[in-house]
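Worksheet for the structure shown next.
2 protein chains.
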Amino acid sequence: MTQWLNYHHLFYFQAIATEGGIARAAEKLRIGQPTLSSQLKQLEAMVGKPLFERRNRKLLLTEAGRATLDYANEIFRLGDEMLEVLKDQTPEGQPHLQIGALDSVPKGVILSIVMAAYKISPCAVSILEGKGDELFRELRAHKIDLIVSNYPSQALEEAQVFSKSIAKLPVSVYGSKKYVDLKRSFPKSLNGKPFVFPTSHSKLRHDLNHYFKLHGIQTVPIAETQDTSLQKLLAEHGVGLAPFSEVEGVKEQSLIRLGQLEDVFEEIWLISAHRKLENQIAAKLMKSFSLRC
Amino acid sequence: MTQWLNYHHLFYFQAIATEGGIARAAEKLRIGQPTLSSQLKQLEAMVGKPLFERRNRKLLLTEAGRATLDYANEIFRLGDEMLEVLKDQTPEGQPHLQIGALDSVPKGVILSIVMAAYKISPCAVSILEGKGDELFRELRAHKIDLIVSNYPSQALEEAQVFSKSIAKLPVSVYGSKKYVDLKRSFPKSLNGKPFVFPTSHSKLRHDLNHYFKLHGIQTVPIAETQDTSLQKLLAEHGVGLAPFSEVEGVKEQSLIRLGQLEDVFEEIWLISAHRKLENQIAAKLMKSFSLRC
DNA sequence: TCAAATCATTCGTTAAAAACGAAGCATCAC
DNA sequence: GTGATGCTTCGTTTTTAACGAATGATTTGA
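Heads up: the sequence lines are chains D and W, in that order. Per the numbering used here, residue -1 is the first one in the first sequence, and the count goes up by one each step. Per the numbering used here, residue -1 is the first one in the second sequence, and the count goes up by one each step.
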């Protein structure tokens, strides 16, 4: 690394880009034009390429500049959100249950949880899909009550986060009708076949790779996505074979179960921020919910 | 705002928290302990609450500290990623097509696109689910080739981003068998009924609110999620009624179409970063793909 | 149990940067 | 052309960050 990215320079850059010029930005920030000009130049030197095209007396974002602005916006939005969260860290009672779910969690599992919650107490439930780290942030910030994950929590070493396994599901390979012959001599018959996979972010994908390597099976990844329902849809239309856990609620008519993958399991976890939960419904779910297929 | 968040202070905080102490962090950053101590204190004064609990000679993260660390990690990860992107902004030919999709886009639409892509040229396709701004960032950074959105691009005013409408789908309300009676005197019969909605981030949700308000219909939101397949699953199990566009591939056996919502449409867009696309498959899709139900 | 070591903090000083104001030099509007 | 606008350069001042030496508190281990 040449040197560290100066976030204050980046902040000025954002102001210049959004205000549409150094003069306007200087006025808004109540500092002088020369300062901004200088800092901008330093930032450009840092990243190694011009962020603006100096066309006559106007500043036009270059392509690199646009990319930079995208990142800057997100970075400072996060900073603002952080301050916001720290300010009113008052765990005010939410009107309803907020659940975060990874895209890679089988939808059937989420369905079960929602219905269990509704059974405990008729309440509104919001489900927020997202990436793992994003969801964890929101959990910490008390914006959501629970996370449903098929990963044993990246933050496992951290205290103050409690996870509980609610299911350990066997995984089978499914395919559309045209693949029915592969039932014979499964799993060897899978060799060389096209597959619809979860992305490599997921633990399941790694387990699958391991399984196929172990059994000397070569697979051809045709499509990959985090979203299990999309995987299912792709498989139903014959794009390729796909692995699903049992709970997925696969209609036998459209997808045929070719065989189970031995020793491959998908484990589902429920994660909360505290042992003691404000939200009563979340607390009950955490205590007693479990999924057996 | 009291004052601006100093991102350099935050950076030091991150180092202290991850290294587990001021001494270690000071050594790693090659600066003195007093400096870190001082900057940390300033940051704590800024946010208004202690980030560490000074227990004897050790620093333990407080709850606020953990939240702060979460945000700091994400912020600086983004900064690093930004530099990475700016460094090798070489549009190296991707081996396969990368598509970004909002969770709220009907899965059936994505399916059609994937199959169309596969028809153009047998290739591997990765689908990345995510939030709008995240996807746009990755589009700009050339990490993905196309975005499928049901929103006409927040960045519509920006040049250098091209979107094309590929479908305008009518929207109907569906429900499980027990709701079959609501077919009579639709849509008035929907009054007071439980609903599974898309989240209010989506344009569709706004359009629905408008429609119901216009027709004097009160709805009871039971669950809300961005994920259309999850909405479908919830609706199938009778949690509530749900609106879907026609393409969703709803099995008539499990969900009954109660009626179409007049003048409510879901429009689907294909978005690319440049008019001239490196990826040939993406280019062809952009030129000729269109969905008519 | 009593040094020695470790770690955070405080204080005064020095080094680096950020910010300023006055000019310069283009371009655009009239 | 002439004045206004907007970015840049230069030298100076002010603010901030970093340093080194020293303190106090706590743990290690001899």
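We put the beta carbon where it would ideally sit given N, CA and C, even for glycine.
Quick one: give me the first and last residue of the alpha helix (DSSP H) that residue i is part of.
i, result
"F9/D", "Y5 to E17"
"S119/D", "Taken as a continuous stretch (DSSP letters only), S119/D belongs to no alpha helix (DSSP H), as it is neither H nor E."
"D205/D", "K201 to L212"
"L228/D", "T226 to E234"
"I29/D", "No alpha helix (DSSP H) contains I29/D, which DSSP labels as neither H nor E."
Output the boundary residues of the beta strand (DSSP E) element that contains residue i.
i, result
"D219/D", "In the sequence as presented, Asp is not what sits at residue 219/D; that position holds Pro. Taken as a continuous stretch (DSSP letters only), the beta strand (DSSP E) holding P219/D covers T217 to T223."
"A240/D", "A240 to S243"
Pull the bridge partners of residue i from the DSSP assignment, please.
i, result
"Q96/D", "S124/D"
"I266/D", "A165/D"
"F160/W", "S270/W"
"K191/W", "T217/W"
"S170/D", "F242/D and Q258/D"
"F50/D", "L59/D"
Quick one: what does DSSP say residue i is sitting in, helix, strand or coil?
i, result
"R55/D", "coil"
"A280/W", "helix"
"P300/W", "This structure does not reach residue 300/W, given that chain W is present from -1 up to 291, and the question cannot be answered."
"D261/W", "strand"
"I254/D", "strand"
"F134/W", "helix"
"L289/D", "coil"
"Y149/W", "coil"
"K141/D", "coil"
"S102/D", "coil"
"F184/W", "coil"
"V107/W", "helix"
"D86/W", "coil"
"K176/D", "helix"
"K129/D", "coil"
"V237/W", "coil"
"L154/D", "Summary for L154/D: the model assigns pLDDT 46, below 50, so the residue's position carries little reliability; its value from the coordinates is reported in the next sentence. Reduced to three states, the DSSP call for L154/D is coil."
Quiz item: Counting Cβ pairs closer than 8 Å, one from the stretch 161 to 174 of chain D and one from the stretch 252 to 260 of chain D, do we hit at least three?
Solution: Yes, the stretch 161 to 174 of chain D is in contact with the stretch 252 to 260 of chain D.
Quiz item: Is the stretch 192 to 210 of chain W in contact with the stretch 101 to 110 of chain D, if contact means three or more CB pairs nearer than 8 Å?
Solution: no
Exercise. Please name the residues in the stretch 199 to 231 of chain W whose beta-carbon is closer than 7 Å to at least one beta-carbon of chain D, in chain order.
Key: P219, I220, A221, E222, T223, Q224, D225, S227, L228 and L231
Exercise. Could you run through the stretch 61 to 72 of chain D and flag, in chain order, every residue whose CB is less than 7 Å away from some CB of chain W?
Key: A62, R64, A65, T66, D68, Y69 and E72
Quiz item: Touching or not, the stretch 128 to 138 of chain D and the stretch 227 to 242 of chain W, by the rule of three or more beta carbon pairs under 8 Å?
Solution: Segments in contact, no.
Quiz item: In the stretch 20 to 41 of chain W, which residues sit with their C-beta less than 7 Å from some C-beta in chain D, listed in chain order?
Solution: none
Quiz item: For the stretch 8 to 20 of chain D against the stretch 68 to 88 of chain D, are there 3 or more C-beta pairs whose distance is under 8 Å?
Solution: yes
Quiz item: What residues in the stretch 122 to 134 of chain W have a beta carbon less than 9 Å from any beta carbon of chain D?
Solution: If the cut-off is 9 Å between Cβ atoms, the stretch 122 to 134 of chain W has A122, V123, S124, I125, L126, E127, G128, K129, D131, E132 and F134 near chain D.
Exercise. Could you run through the stretch 105 to 116 of chain D and flag, in chain order, every residue whose CB is less than 8 Å away from some CB of chain W?
Key: K105, G106, I108, L109, V112, M113 and Y116
Quiz item: Does the pairing of the stretch 202 to 221 of chain W with the stretch 113 to 122 of chain D give three or more beta-carbon distances under 8 Å?
Solution: yes
Exercise. Residues of the stretch 274 to 286 of chain D with a CB closer than 7 Å to any CB of chain W: list them in chain order, please.
Key: none
Quiz prompt | At least three beta-carbon pairs within less than 8 Å, the stretch 14 to 21 of chain D to the stretch 55 to 63 of chain D | solution = In short, these stretches touch, since the Cβ pair count reaches three.
Exercise. Identify each residue in the stretch 73 to 87 of chain W for which the Cβ-Cβ distance to at least one residue of chain D is less than 9 Å, and report them in chain order.
Key: I73, F74, R75, L76, G77, D78, E79, M80, L81, V83, L84, K85 and Q87
Quiz item: Going along the stretch 2 to 13 of chain W in order, which residues come within less than 7 Å of chain D, judged by CB to CB distance?
Solution: L3, Y5 and H6
Quiz prompt | Where the stretch 42 to 57 of chain W meets chain D: residues whose CB sits under 8 Å from a CB there | solution = V45, G46 and K47
Quiz item: Mind listing which residues of the stretch 171 to 184 of chain W have their C-beta closer than 9 Å to chain D's C-betas, in chain order?
Solution: none
Quiz item: Residues in the stretch 137 to 148 of chain D with C-beta within 8 Å of chain W's C-beta atoms, listed in sequence order?
Solution: Taking 8 Å as the Cβ-Cβ cut-off against chain W, the residues of the stretch 137 to 148 of chain D that qualify are R138 and A139.
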